[in-house]
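Chains as they are written, first to last, in our numbering: chain A, 1 to 387; chain B, 1001 to 1449.
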């Protein structure tokens, strides 16, 4: 290890203050701190610090995403082969999925991190870790055959307009990954909706049709999936959002490690369940009659609530606010989905909407707190004037 | 109207090298140093010059704004050096101590007859006044003010902090006398925070309202005590004082002399024999550190690991301190140290490390930041360790933005920098919360007063 460290120290020399490549230091430091936690010691304030840092936090989220990702890769192949009617093994399916999905992940990271590095160098700050998560989330919520160049443009839009324009990680208003999807959804609608995009190769092979459950419901077609299939995720959909089971495993990792807010996750499911229950009282069409508990299993609701709504930056920031925010995300998700069938992407739009309103929620939570303090002051002053 | 205070939010951390309950007389310190920067809110005007001889209790300097507010020499001897920094700011006043201390006689006082004005005059004259600090702002109290209350917390909740019950064990009479004097000074009972399971005399002190406190750090902070009994409103003044300084004031009234001897814990994983020492204020730390430290690069801290000041082994005991902590410097690299579930020996209150499963009962912690400074990203983490009804992140942001109205609305009067040490520690963005709050308070002093 000390051998490696010495090598790194040697490589670091041109990037030090006053040296030739000084302005590229943030890029070098990003790579260096990936290898080693730096030797920075506390200068002021508390002399000891917790072991946690943002790298750790973000990597934990990536770990939580992996079960859903692996299942998504398998499901991509599974949907393809089962619709073709060919015999296949687990590995056939997994390989088919991997060939489709790994390039998406590579493009997402390459474009996104490229932009992050350029901004870090231009602005002279460190490369932030937020994109480690965003970069994996984006391919996971796209349709499988989404062209790579469109993916690259969506990523660039999300990082530039959604994040860097506001000042980088921690300053953004909207969740960058969802912004990438929303951009793709409105810029390339033919690749993002309809009955030809949700299963691998559906555009090219006639025998394959890939409609999502919500798409079918909106079109008034028969549903051919059981609730168990919806829960396990063996249904068409975006790459890795279909399996509620593996998403819940991820949720457990987030909650147990304390990285994801359990308040938002719980609030989201509660809000969605209540809204679904309410709409079930008026079953005039297939969507309104779709059982509330199955609403929780389809359309990426679980994925959105567990991995997108919990983004600590774009969510409400106070603990009370997180409850309100989570519940509203759930309510709006079902509301958009059911009452506006042109947009089955209810969860995406609901979270983006609540991202915009999160500061308002916090404002009211904090205002209530401030008013309590002011009331206390007035009470004390009254006592003084009486005595 | 005693009320039990049970704190749930906070950090419980057990560090290696807690001081064993033995008191040793420290070797005599030849040089004692008083460091004016320790005394926040006082601009010094020197009353001695190099070469002067002083008795213990003779004033060294007074406050620029109030010449009655004096800071006294803790020992008798000769002023050898006035160390100055930039713009001739006084950093230290060094005194060569006599082998046998000579005390200035302030005369014994009968506590049953003395009046508030006399108490105040004696505290100012004897150099004991600076022990009293004011909240809000965490600066030395203004003698012209009449405070709402006085608070004392005897619950030491920080890791490695001196056990106050232990250091006050033989000082019952002095402590009671100090409490009596303070109660006379403000004309009402003193609020005294005592650890819930305390068996010592502290829970039976008279002239005081006893509050039983329990919970993890920072439950023992006097700020937590105030906040949970009667939070400070805009315009109010509350005074706080360290328990060992109460005993020093008590001795002043009992014996008529300023005897700044205190019992100090020397603790930390770098110390060979962590234990308690009897030291006089301003003593050279070298007297207790010499041949008492393990090999290696270490950091000497004047105070606790959370709120203390960085010192060197050749430094001097700080004005308010009863703890000296020595921990290893963390100026080393950790390969792949960012990986979750790796390096589980480093304490963490989050479960991204398996510290809770595999961590040792007593941890060795160094001064590594364990990461790099970042923007505020993980929201909610500060609230979950902060035992105040205050929104910490919002308050920090208001301080950074110099938004005075917002700072006031969010409760800046109720907190002191030391209360934010727990946020320094727990923040995954490695934010310097104590410094941000100190600067916010300084701005408030300037703009609001």
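We put the beta carbon where it would ideally sit given N, CA and C, even for glycine.
Quick check on the burial criterion: 16 or more other C-beta atoms within 10 angstroms. Buried or exposed for residue i?
i, result
"residue 186(A)", "exposed"
"residue 1001(B)", "Low per-residue confidence applies at residue 1001(B): pLDDT is 46, beneath 50, and the placement is therefore not dependable, though the value from the model is reported in the following sentence. So residue 1001(B) ends up on the exposed side."
"residue 43(A)", "exposed"
"residue 1418(B)", "buried"
"residue 1032(B)", "buried"
"residue 1239(B)", "buried"
"residue 263(A)", "buried"
"residue 1434(B)", "buried"
"residue 1045(B)", "exposed"
"residue 322(A)", "buried"
"residue 1129(B)", "buried"
"residue 1324(B)", "buried"
"residue 1440(B)", "buried"
"residue 1394(B)", "buried"
With a cut-off of 8 Å on the beta carbons, I'd call residue i and residue j a contact; round off their distance for me.
i, j, result
"residue 368(A)", "residue 315(A)", "With 8 Å as the limit, residue 368(A) and residue 315(A) do not qualify as a contact, their Cβ atoms being about 19 Å apart."
"residue 1104(B)", "residue 1057(B)", "4 Å"
"residue 403(A)", "residue 74(A)", "Because chain A is modelled from 1 through 387, residue 403(A) falls outside the range shown and cannot be assessed."
"residue 1175(B)", "residue 1127(B)", "Actually they do not touch by this definition, with Cβ atoms about 19 Å apart."
"residue 1180(B)", "residue 1111(B)", "5 Å"
"residue 1190(B)", "residue 1041(B)", "Not a contact, Cβ separation roughly 22 Å."
"residue 288(A)", "residue 338(A)", "6 Å"
"residue 155(A)", "residue 108(A)", "5 Å"
"residue 326(A)", "residue 237(A)", "Not confirmed; about 22 Å, so no contact."
"residue 259(A)", "residue 60(A)", "5 Å"
Just curious, the alpha helix (DSSP H) that residue i is in, first and last residue?
i, result
"residue 319(A)", "319-339"
"residue 1077(B)", "Element bounds for residue 1077(B): not the alpha helix (DSSP H) but the beta strand (DSSP E), 1077-1084."
"residue 1178(B)", "1172-1186"
"residue 1195(B)", "Here residue 1195(B) belongs to no alpha helix (DSSP H); instead the beta strand (DSSP E) covers 1190-1195."
"residue 1320(B)", "No alpha helix (DSSP H) contains residue 1320(B), which DSSP labels as neither H nor E."
"residue 293(A)", "292-295"
"residue 122(A)", "90-123"
"residue 1445(B)", "1433-1447"
"residue 1071(B)", "Unbroken run through residue 1071(B) is the beta strand (DSSP E), 1070-1072; no alpha helix (DSSP H)."
"residue 1118(B)", "1116-1126"
"residue 1408(B)", "1404-1409"
"residue 269(A)", "262-280"
"residue 359(A)", "346-386"
"residue 2(A)", "2-12"
"residue 46(A)", "Element bounds for residue 46(A): n/a, residue is neither H nor E."
Looking only at DSSP bridge pairs, what is residue i linked to?
i, result
"residue 36(A)", "1335(B)"
"residue 1015(B)", "1363(B)"
"residue 1213(B)", "1005(B) and 1195(B)"
"residue 285(A)", "For residue 285(A), which the question treats as bridged, DSSP gives no partner whatsoever."
"residue 1135(B)", "1238(B)"
"residue 156(A)", "Answer is none; residue 156(A) lacks a bridge partner."
"residue 1140(B)", "1133(B)"
"residue 1327(B)", "1299(B)"
"residue 1293(B)", "1271(B)"
The beta strand (DSSP E) spanning residue i covers which residue range?
i, result
"residue 1044(B)", "1044-1046"
"residue 1261(B)", "1261-1267"
"residue 1094(B)", "1090-1097"
"residue 1032(B)", "1031-1034"
"residue 1022(B)", "1020-1025"
Helix, strand or coil for residue i, going by three-state DSSP, please let me know.
i, result
"residue 198(A)", "coil"
"residue 1302(B)", "strand"
"residue 1151(B)", "strand"
"residue 1063(B)", "strand"
"residue 1161(B)", "coil"
"residue 205(A)", "coil"
"residue 1276(B)", "strand"
"residue 1284(B)", "strand"
"residue 1309(B)", "strand"
"residue 56(A)", "helix"
"residue 227(A)", "helix"
"residue 29(A)", "helix"
"residue 21(A)", "coil"
"residue 1368(B)", "strand"
"residue 1377(B)", "coil"
Given the structure, does residue i come close to the ligand HEM, in the sense that its CB is under 7 Å from one of the ligand's heavy atoms?
i, result
"residue 1090(B)", "Of the ligands one can find in the structure shown there are none, so the ligand HEM has no counterpart to examine."
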